[in-house]
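Below is one structure, written out as structure tokens; the observations come after it.
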Amino acid sequence: MSDRYGSDVLSTDWRAPKRGRAVDAVADLGTVVEEVTTDWCGEIVAVDRDLHTLTLEDRRGRRRTFPLGPGFLLEGRPVILSAPVRHAAPAKPTRTASGSVAVHGARAKVARASRIFVEGRHDAELVEKVWGDDLRLEGVVVEYLGGIDDLAGHLRDFGPGPQRRVGVLVDHLVTGSKESRIAQEVARSPVGRHVLVVGHPFVDVWQAIKPDRIGLAAWPDVPRSVEWKVGICRHLGWPHADQADIARAWQHLLSRVGSYDDLEPALLGRVEELIDFVTTE
Numbered sequence: 004m005s006d007r008y009g010s011d012v013l014s015t016d017w018r019a020p021k022r023g024r025a026v027d028a029v030a031d032l033g034t035v036v037e038e039v040t041t042d043w044c045g046e047i048v049a050v051d052r053d054l055h056t057l058t059l060e061d062r063r064g065r066r067r068t069f070p071l072g073p074g075f076l077l078e079g080r081p082v083i084l085s086a087p088v089r090h091a092a093p094a095k096p097t098r099t100a101s102g103s104v105a106v107h108g109a110r111a112k113v114a115r116a117s118r119i120f121v122e123g124r125h126d127a128e129l130v131e132k133v134w135g136d137d138l139r140l141e142g143v144v145v146e147y148l149g150g151i152d153d154l155a156g157h158l159r160d161f162g163p164g165p166q167r168r169v170g171v172l173v174d175h176l177v178t179g180s181k182e183s184r185i186a187q188e189v190a191r192s193p194v195g196r197h198v199l200v201v202g203h204p205f206v207d208v209w210q211a212i213k214p215d216r217i218g219l220a221a222w223p224d225v226p227r228s229v230e231w232k233v234g235i236c237r238h239l240g241w242p243h244a245d246q247a248d249i250a251r252a253w254q255h256l257l258s259r260v261g262s263y264d265d266l267e268p269a270l271l272g273r274v275e276e277l278i279d280f281v282t283t284e
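Sequential numbering from 4 applies to the sequence shown in this note's numbering.
In structure tokens:
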């Protein structure tokens with residue numbers, strides 16, 4: 004190359020102006036850097052390990068997110084930015100993420116015959132993070148349900164009964180939906196009294212996380228022509244080129260959930276209802 008980026012790609016970062024070899028630097032909060040491909044200059048106000056990104060805020064208060072790594076200038080010199088070192092883990096909590104009193108060192112009960120099926124991998128991971136400790140103490144096993152269309156087959160294989168109750172958490176259970184129709188069919192079936200199907204009203208379980216946990220006043224509207232998760236990542240300036248990017252975005256969201264207080268009541272109530280149903284003797 005003979006343009007502003009220089010021609011010696013081995014001696015300097017190819018995205019930076021030729022001002023010497025790029026050196027490693029830590030993306031500490033408060034540091035002012037310039038992103039060379041956009042000339043965006045601002046203070047580092049957030050760094051996310053899961054997404055491998057940093058957020059800059061310029062002097063007008065505008066913010067923009069960029070990938071960590073090369074392509075930045077610090078005091079006029081090219082640098083390769085990395086995330087700060089993690090702090091030591093905090094002391095053991097006195098309560099579980101669901102708000103129950105934590106019982107440290109307690110052994111999980113032998114698994115009950117009853118089960119909870121959760122539609123969607125992200126939904127199951129969220130339930131595990133917030134209610135996992137409680138479910139293990141109660142001996143309740145959570146099983147991943149790939150989709151509501153698989154429910155009938157799962158119930159046939161499981162064989163619900165008085166001592167083998169099944170609670171089911173599904174996405175987008177609203178009036179007139181396919182999910183609602185299938186739930187009604189299960190309720191009318193011979194095993195209906197031993198199965199409880201509940202759901203949240205969100206387009207995706209991501210919306211069950213309070214939006215202010217990632218700095219939003221509300222979850223943005225995504226056009227029907229755009230896959231919802233992709234639209235959210237695009238709105239936030241997060242990478243979204245493939246499924247790996249979406250997975251990293253979800254892990255970032257999940258990391259913002261520390262307890263039940265980070266979730267919307269519309270999900271909290273449904274999960275607690277399922278736990279009560281499958282643990283009632």
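Glycine included, C-beta positions come from ideal geometry on N, C-alpha and C.
Around the C-beta of G123, 16 or more other C-beta atoms lie within 10 Å, and the residue is accordingly described as buried. Relative to the Cα of R168, the nearest Cα in the group R139, V200, S180, T178 belongs to V200. Rounded to the nearest whole angstrom, the C-alpha separation of I119 and R196 is 15 angstroms. Beyond the five residues adjoining it in sequence on each side, R259 comes within less than 7 angstroms, by CB distance, of I212, R216, I217, D265 in the same chain, given in chain order. Taking all protein chains in view, the Cβ of D61 is surrounded by fewer than 16 other Cβ atoms within 10 Å, so the residue is classified as exposed. Under the Cβ criterion (8 angstroms, minimum of three pairs), the segment 217-235 does not count as touching the segment 134-142.
Between the alpha carbons of T178 and V121 lies a distance of about 20 angstroms. For F280, the enclosing alpha helix (DSSP H) begins and ends at 268-282. G261 and K132 have their alpha carbons spaced roughly 8 angstroms apart. Taken atom to atom, the span from the alpha-carbon of A250 to that of G240 is near 15 angstroms. Distance from the Cα of V35 is smallest, within the candidate group V29, I47, A25, R24, for I47. Closest option to D126, judged by alpha-carbon separation, among W209, D42, D27: W209. Burial is judged here by how many other beta carbons sit within 10 angstroms of a residue's own beta carbon; K232 has at least 16 and is buried. Annotation note: the segment 53-77 contains the following uninterrupted beta strand (DSSP E) runs of length 3 or greater, listed N- to C-terminal: 56-60, 66-70, 72-77. The beta carbons of L57 and L71 sit closer together than 7 angstroms. Nearest neighbour of S180 by Cα position, chosen from P163, V198, V194, D152, turns out to be D152. In terms of Cα proximity to A30, the closest of H157, P204, P87 is P87. One alpha carbon belongs to A244, the other to T41, and they sit about 20 angstroms apart. Around the beta carbon of E78, a 10 Å sphere encloses fewer than 16 other beta carbons of the protein chains shown; the residue is thus reported as exposed. Listed as beta-bridge partners of E128 by DSSP are no residues whatsoever.
Around the beta carbon of E38, 16 or more other beta carbons lie within 10 angstroms, which makes this residue buried.
In this structure, the beta-carbon distance from D51 to H255 falls below 7 angstroms. Proximity to E267 across R227, F161, V130 peaks at V130, based on C-alpha coordinates.
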